[in-house]
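I have placed the structure first, in the form of structure tokens, so that the comments after it can refer back to it.
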Amino acid sequence: METQYLKDHLGFLPQCLKEVVERRPHDPIEYIAHWLKKHVENEKYKQKKEEEARQLEKELELEELEKENRARRLEETLRFAEEEAARLKAKEERKAKEAASASKLPIVEEKEEPVTETHTEADNDENSSNLFGDIKEEDETKAEEEMKEIDTKEEEGESAEQETDKFETDDVEEGSPEETSGAAED
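Using full-length UniProt numbering, the letters of the sequence shown map in sequence onto residues 1 to 186.
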């Protein structure tokens, strides 16, 4: 065990003594002292260089990782740009398709709405007693549909005046109860 310690920590001494024998300095003790001092400096220099080499390796690895990350980000950016271009192209194609369609109306996706109708006897009584109210609601619904139709026609370039004339003509043809009673009296 003692020999192993001497080999690990003082293994350089045989080399020092070998140089003393070869050179035969005037003061061998001073020569050994300078040699040991220089040996310590050399060892520190070697350790410093090894540490710098390890640090350089780490920096190179980090730089390589950074390059890979930049390349990955660039690929993602390009992929995103391609997806965006494809999305815009699809949108333009959809618009072109809508413009080319015969009805010139935008394509509407229908969604099913849940039907939840619950009638009570009180509702039935209200509905049966309010017959004139139902007629009024039907007229309002019909008027709303005709207004939507007018708006659609205006978007297509037809004038609103033609639709208004049609709306007034429909009202006259249907006739209100007052007009029909007046016509019956004449």
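We put the CB at the ideal spot given by N, CA and C, even for glycine.
(request) Grab me the residues of E52's own chain with a C-beta within less than 6 Å of its C-beta, minus the 5 sequence neighbours each way, in chain order. (result) On the sequence shown, position 52 is the one that residue 52 refers to. Contacts found: none.
(message) Can you tell me whether K111 is helix, strand or coil according to DSSP?
(response) In the sequence shown, counting from the first residue as 1, residue 111 sits at position 111. Coil, per DSSP.
(request) Spatial neighbours of P177 within its chain, please: CB distance less than 8 Å, with the 5 preceding and 5 following residues excluded, ordered by chain position. (result) Here residue 177 refers to the residue found at position 177 when the sequence shown is read from its first residue. Any reading at P177 must be qualified, since the residue scores a pLDDT of 49, below 50, and its modelled position is unreliable; the value itself is stated next. Once the five neighbours on either side are set aside, P177 has no close Cβ partner at all.
(request) Give the range of the alpha helix (DSSP H) segment to which R72 is assigned. (result) Taking the sequence shown and counting its residues from 1, one reaches residue 72 at position 72. Unbroken alpha helix (DSSP H) run through R72: 28 to 100.
(request) Under 7 Å Cβ to Cβ from S129, same chain only, skipping five residues before and after it: list those, please. (result) Working through the sequence shown from its first residue, we reach residue 129 at position 129. Because the pLDDT of S129 is 49, which lies under 50, any placement of that residue in the model is unreliable, and the number read from its coordinates should be weighed accordingly. Result list for S129: empty, nothing under 7 Å.
(request) Would you mind stating whether V40 and P28 have Cβ atoms separated by less than 8 Å? (result) Numbered from 1 along the sequence shown, position 40 holds the residue referred to as residue 40. Numbered from 1 along the sequence shown, position 28 holds the residue referred to as residue 28. With a cutoff of 8 Å on beta-carbon distance, V40 and P28 are scored as not near each other.
(request) Determine the extent of the alpha helix (DSSP H) in which P14 is found, giving its start and end residues. (result) As a first step, residue 14 is located in the sequence shown; it is residue number 14 there, counting from the start. Start and end: 13 to 23.
(message) For S181, which residues in the same chain have their Cβ closer than 7 Å to its Cβ, ignoring the five residues on either side in sequence?
(response) Within the sequence shown, the letter at position 181 stands for residue 181. With a pLDDT of only 49 at S181, under the threshold of 50, the placement of this residue in the model should not be trusted; the figure read from the coordinates follows. Taken in chain order, the list of residues that qualify is empty.
(message) Using only the alpha-carbon positions, how far apart do E2 and L13 sit?
(response) Reading the sequence shown from its first residue, position 2 is the one you call residue 2. Reading the sequence shown from its first residue, position 13 is the one you call residue 13. Each residue's Cα considered, the two are about 15 Å apart.
(request) Can you give me the start and stop residues for the alpha helix (DSSP H) that T3 sits inside? (result) The residue given as residue 3 occupies position 3 in the sequence shown. It spans 2 to 10 - the alpha helix (DSSP H) in which T3 sits, taken as one unbroken run.
(request) Express the C-alpha separation of P25 and Y31 in angstroms, rounding to a whole number. (result) Numbered from 1 along the sequence shown, position 31 holds the residue referred to as residue 31. Numbered from 1 along the sequence shown, position 25 holds the residue referred to as residue 25. Put simply, the backbone Cα of Y31 is about 7 Å away from that of P25.
(request) Just the C-alpha distance for E68 and E82, rounded to the nearest angstrom, thanks. (result) The count along the sequence shown starts at 1 and reaches residue 68 at position 68. The count along the sequence shown starts at 1 and reaches residue 82 at position 82. The alpha-carbon of E68 is positioned some 21 Å away from that of E82.
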